[in-house]
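Colleague:
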Amino acid sequence: MAVADVDPGKAGLVDGSAAFHRDYRDLLATPELDAVVVNVPNHLHHQVCRDALLAGKHVCCEKPLTTDPDAAAELTALAERGERVLFTAFHRRYNRNLLRLRDRIAVREPPDRVVLTYRERIEEHCGADAWYLDMAKCGGGCLADNGPNAFDTALALLGPVRVTGARIRRDVTGVDRQAEVELLTATDGWVRVELDWAYPHGEDKRVFLEWDDGHRDEANLLAGFPEFKSSLHHEYDGVVADFAETVLRRAHRTDSGAFVAGLVAQAYRMGGELVT
Ligand SMILES: NC(=O)c1ccc[n+]([C@@H]2O[C@H](COP(=O)([O-])OP(=O)(O)OC[C@H]3O[C@@H](n4cnc5c(N)ncnc54)[C@H](O)[C@@H]3O)[C@@H](O)[C@H]2O)c1
Numbered sequence: 140m141a142v143a144d145v146d147p148g149k150a151g152l153v154d155g156s157a158a159f160h161r162d163y164r165d166l167l168a169t170p171e172l173d174a175v176v177v178n179v180p181n182h183l184h185h186q187v188c189r190d191a192l193l194a195g196k197h198v199c200c201e202k203p204l205t206t207d208p209d210a211a212a213e214l215t216a217l218a219e220r221g222e223r224v225l226f227t228a229f230h231r232r233y234n235r236n237l238l239r240l241r242d243r244i245a246v247r248e249p250p251d252r253v254v255l256t257y258r259e260r261i262e263e264h265c266g267a268d269a270w271y272l273d274m275a276k277c278g279g280g281c282l283a284d285n286g287p288n289a290f291d292t293a294l295a296l297l298g299p300v301r302v303t304g305a306r307i308r309r310d311v312t313g314v315d316r317q318a319e320v321e322l323l324t325a326t327d328g329w330v331r332v333e334l335d336w337a338y339p340h341g342e343d344k345r346v347f348l349e350w351d352d353g354h355r356d357e358a359n360l361l362a363g364f365p366e367f368k369s370s371l372h373h374e375y376d377g378v379v380a381d382f383a384e385t386v387l388r389r390a391h392r393t394d395s396g397a398f399v400a401g402l403v404a405q406a407y408r409m410g411g412e413l414v415t
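Per the numbering used here, residue 140 is the first one in the sequence shown, and the count goes up by one each step.
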C-alpha cells in the first residue's frame, strides 16, 4: 500500500507499512499497485485520474468525478480503452437508511413526487485551506459540491433522471449558496433537489416520497448517526467494498460519475434566480 499527499504533515497519519510520497506520480509509478483512490480537491480530479488511468491503475475517485462533463467523458473513454475500472465514490448510495427505503419501495410503483434535501453550513465542512469556497477549485458552490451526491442518490433510488429546471441563489461573491433543481424520472416522476450551503442548524439530508394514492415514505440519511460525519464510516466501507469487488471481478465498469457531471452542468446552465 502507498499514500501520496503534497502536505508532508500527512505522512505521520499513514500506517507504518505504507510508503508515503509527496508527488502522486511517484505512487503511480509503483508497479505492484493495481488500484488507487483519488481524494484531492475537485479541480485536480481530472489530472490525477487521467494520470492514474494512463499508468494502468483502476481508479476510485471522490465526487465530483470532474468539474467539467467533457473531462469526465474523456476519463470514461480512457478507462474503457484501457479496460480499467473508473468508479466514483458516491458514498450516499451505501447509506443504510437509504438502502432500507429502497427495499421498502421496491414492492411499489415508482413514487410520483420526491423531495431530496441536502443542507449544511459549508464552513463546518471545509478543510484547512478552504478550497471548497474557491469556485475555481470546487467547480462552483453548493450545486458543484453537494449536487453530485444528491443527484446520485436520486439515481440510486429512482433510476435515470433529467434536469428540467433549476434556481440558484448566490452570495455577494457569486458563490451559489442555495439551489433548487427539478428532475424528471423515466416514469415522469417529479423530483425536487434542495441544496443549502448556508444552513444554520447543522446537517440535514433527507428524502421524502409521495404517491398519488396518498402513500408516503421518507428516509433521514443521518438518523442513527448523531456524531458529526459519523454516517460516513459505514458509507465509505460500502464504497471501498464495492470498488474492490468491481476490480476483482475484472468488470470494466464505469459508473454514473460522468452522467452526474452532466446533470450538474445542465443545472448551472438552466439556473435562474432563486427567490423565496
Ligand atoms: N470531506 C467530506 O466529507 C467529503 C465527502 C464527500 C466527498 N468529498 C470529496 O473528497 C475530496 C477531498 O475533500 P476533503 O474534504 O478531504 O479535502 P481536504 O482539503 O481535507 O483534503 C485534500 C487533501 O489533498 C491533498 N492534496 C492537495 N493537492 C494535492 C496533490 N496535487 N497531490 C496530492 N495530494 C494533494 C491536500 O494536502 C489534502 O491532504 C473532494 O473531491 C471532496 O469533494 C469530501
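All C-beta atoms, glycine included, are put in the ideal place defined by N, C-alpha and C.
Run through DSSP, which three-state label would residue 396 get?
Modeller: Helix at residue 396.
Colleague: Assuming residue 316 and residue 306 are in contact, meaning their beta carbons sit under 8 Å apart, how far apart are those beta carbons, in whole angstroms?
Modeller: Contact flag wrong, Cβ pair sits at about 12 Å.
Colleague: Just confirm the distance between the C-beta atoms of residue 395 and residue 227, as a whole number of angstroms; I'd bet it's less than 8 Å.
Modeller: 7 Å between Cβ atoms; contact.
Colleague: Please confirm whether residue 197 has its beta-carbon closer than 8 Å to some beta-carbon of chain C.
Modeller: Note that chain C does not occur in the displayed structure, where there is just one protein chain.
Colleague: Which residues in the same chain as residue 217 place their Cβ atom closer than 6 Å to its Cβ, once the five residues preceding and following it in sequence are excluded?
Modeller: The answer, listed in chain order, is 192.
Colleague: Measuring only from the beta carbon, is residue 298 closer than 7 Å to any heavy atom that is part of ligand 1?
Modeller: Outside the cutoff, so no.
Colleague: Examine ligand 1 and report whether any of its heavy atoms sits within less than 7 Å of the Cβ of residue 411.
Modeller: Flag unset: Cβ of residue 411 not near ligand 1.
Colleague: Kindly list the residues whose CB is nearer than 6 Å to the CB of residue 258, restricted to its own chain and excluding five residues on each side of it in sequence; keep chain order.
Modeller: 335, 338, 343.
Colleague: I'd like the ranges of any alpha helix (DSSP H) spanning at least 4 consecutive residues and lying wholly in the segment 199-250.
Modeller: Within the segment 199-250, the complete alpha helix (DSSP H) runs of at least 4 residues are 208-221, 235-244.
Colleague: Sort 186, 182, 271, 152 by Cα distance to residue 420 and report the nearest one.
Modeller: The shown model of the chain, from 140 to 415, leaves out residue 420, and the question about it has no answer.
Colleague: Taking only the alpha-carbon atoms, compute the straight-line gap between residue 380 and residue 200 and give it to the nearest angstrom.
Modeller: Cα to Cα, the separation comes out at about 14 Å.
Colleague: Could you check what DSSP says for residue 161 in three-state terms: helix, strand or coil?
Modeller: Of the three classes helix, strand and coil, the one that applies to residue 161 here is coil, per DSSP.
Colleague: Work out the CA separation of residue 329 and residue 322 for me, nearest whole Å.
Modeller: Rounded to the nearest angstrom, the two C-alpha atoms are 6 Å apart.
Colleague: Could you check which residue in 356, 153, 161 has the C-alpha nearest to that of residue 147?
Modeller: Among 356, 153, 161, the Cα nearest to that of residue 147 is on 161.
Colleague: Report yes if the CB atom of residue 170 is closer than 8 Å to the CB atom of residue 400, and no otherwise.
Modeller: No, they are not a contact pair.
Colleague: Could you tell me which uninterrupted beta strand (DSSP E) segments, each at least 3 residues in length, are contained entirely in the segment 160-199, listed from first to last along the chain?
Modeller: Runs of the beta strand (DSSP E) inside the segment 160-199: 174-177.
Colleague: Given the structure, does residue 372 come close to ligand 1, in the sense that its CB is under 7 Å from one of the ligand's heavy atoms?
Modeller: Outside the cutoff, so no.
Colleague: Beta carbon of residue 362, beta carbon of residue 240: below 8 Å?
Modeller: No; because the gap between Cβ atoms is not below 8 Å, this pair is not in contact.
Colleague: Measuring alpha carbon to alpha carbon, tell me which residue in 266, 270, 232, 274 is nearest residue 298.
Modeller: It is 232 whose Cα lies nearest to the Cα of residue 298.
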